[in-house]
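Numbering (the working numbering), first residue to last: 253 to 533. Even for Gly, the Cβ is constructed at its ideal location relative to N, Cα and C. Computed from a predicted model, the values in this text were never measured in an experiment. Notes for the one structure printed next.
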């Protein structure tokens, strides 16, 4: 009997050791990316603080957005670190799960989002990232058994870059100043559009603002597979902001929802978050 069970025991131990190794390796990788994103960037923006002269030639609605988001004289932050709580769901008809997360967004072209989702025995945790044009995601049940693990795949990376652009406009507006190579247009009094490239991926961000420049809504074509056939393509993606808070000269959305698709009959809202803390540096 012992001889029969021994291979099974050895196999189980090996499988467990492999899971632990893969989890630890990903955690170390995410920690390394986080530290890299906190490095001092070699920015094209020479002026260390935000000045109105930097946006003087932009259309008035675009100026209004920047002047509301960044107080003149504020340091041009290279990154922001966020703490958030909220809810998350995996499918359009699924129940909302409690979520808490920490995130860094950096002008070096990346982000890391570490999250714990759910509760009790069904709680899962992990992180996704975008760095140097590469995206990755790994979440595990019980901090061990992987539910999803995709890294350095072209589709995942392209989708992550789209998310990064949206989060620049929401939470790190200094990265979208014209001095960084972003071009702006005013589509109307309350609609502005930013066009840029991140890791050679073209992005077109459409922002809806109010009379004071407060960001109300953001839309963009984002690479995803939330389609009937599950095939990757550019899909309308939107985020809506219902509250804001000022942190060290930056006024950013503090309550936000995100969804795929825009029409009420097929949209998939999957993310609701409230910013608890923001640190700019």
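Here residue 494 is exposed, its C-beta having fewer than 16 other C-beta atoms within 10 Å. Apart from the 5 residues on each side of it in sequence, residue 430 sits with its Cβ closer than 8 Å to the Cβ of 306, 307, 309, 310, 436 in its chain, given in chain order. Boundaries of the beta strand (DSSP E) harbouring residue 402: 397–403, taken from the DSSP string. When only Cα atoms are considered, residue 288 and residue 468 end up about 31 Å apart. The DSSP-derived three-state label of residue 278 is helix. Per DSSP, the continuous beta strand (DSSP E) segment holding residue 356 begins and ends at 349–358.
Annotation for residue 411: the continuous alpha helix (DSSP H) segment containing it runs 406–423.
9 Å or more divides the Cβ of residue 323 from the Cβ of residue 465. The three-state secondary structure of residue 513, taken from DSSP, is coil. Of the other Cβ atoms in all chains shown, 16 or more fall within 10 Å of the Cβ of residue 505; this residue is therefore buried. Between residue 457 and residue 470, the C-beta gap is smaller than 9 Å, which places the two residues in contact.
With a 10 Å radius around the Cβ and a threshold of 16 neighbouring Cβ atoms, residue 380 comes out buried. For residue 528, the closest C-alpha among the options 424, 517, 497 is that of 497. DSSP places residue 314 inside the alpha helix (DSSP H), whose first and last residues are 312–321.
Secondary structure note for residue 445: its beta strand (DSSP E) is the uninterrupted segment 443–450.
Rounded to the nearest whole angstrom, the C-alpha separation of residue 473 and residue 488 is 5 Å. Contact between residue 526 and residue 337 holds, since their C-beta atoms are separated by about 6 Å, short of 8 Å.
Put simply, the backbone Cα of residue 318 is about 12 Å away from that of residue 459. Contact between residue 531 and residue 290 is absent: CB atoms are separated by about 11 Å, not below the 8 Å threshold. Put simply, the backbone Cα of residue 273 is about 10 Å away from that of residue 396. Contact annotation: residue 502 and residue 354 have beta-carbon atoms that are not nearer than 9 Å. Residue environment analysis places residue 479 among the exposed positions, since fewer than 16 neighbouring C-beta atoms fall within 10 angstroms of its C-beta.
Residue 368 is bridged by DSSP to 352, 377.
In chain order, 442, 468 place their CB closer than 8 Å to the CB of residue 462, counting only its own chain and leaving out the 5 sequence neighbours on each side. Per DSSP, residue 487 is one residue of the beta strand (DSSP E) stretching across 485–499.
Within the same chain, Cβ atoms closer than 7 Å to the Cβ of residue 349 are found at 339, 340, 341, 369, 370, the five residues on either side in sequence being excluded. For residue 412, the closest alpha carbon among the candidates 373, 440, 452, 363 is that of 363. Membership of residue 388 in the beta strand (DSSP E) is indicated by the continuous run 386–393. Bridge pairing for residue 300: absent [DSSP]. A distance below 7 Å between beta-carbons, with the five flanking residues on each side excluded, links residue 391 to the following residues of its chain, in chain order: 376, 377, 378, 399, 400.
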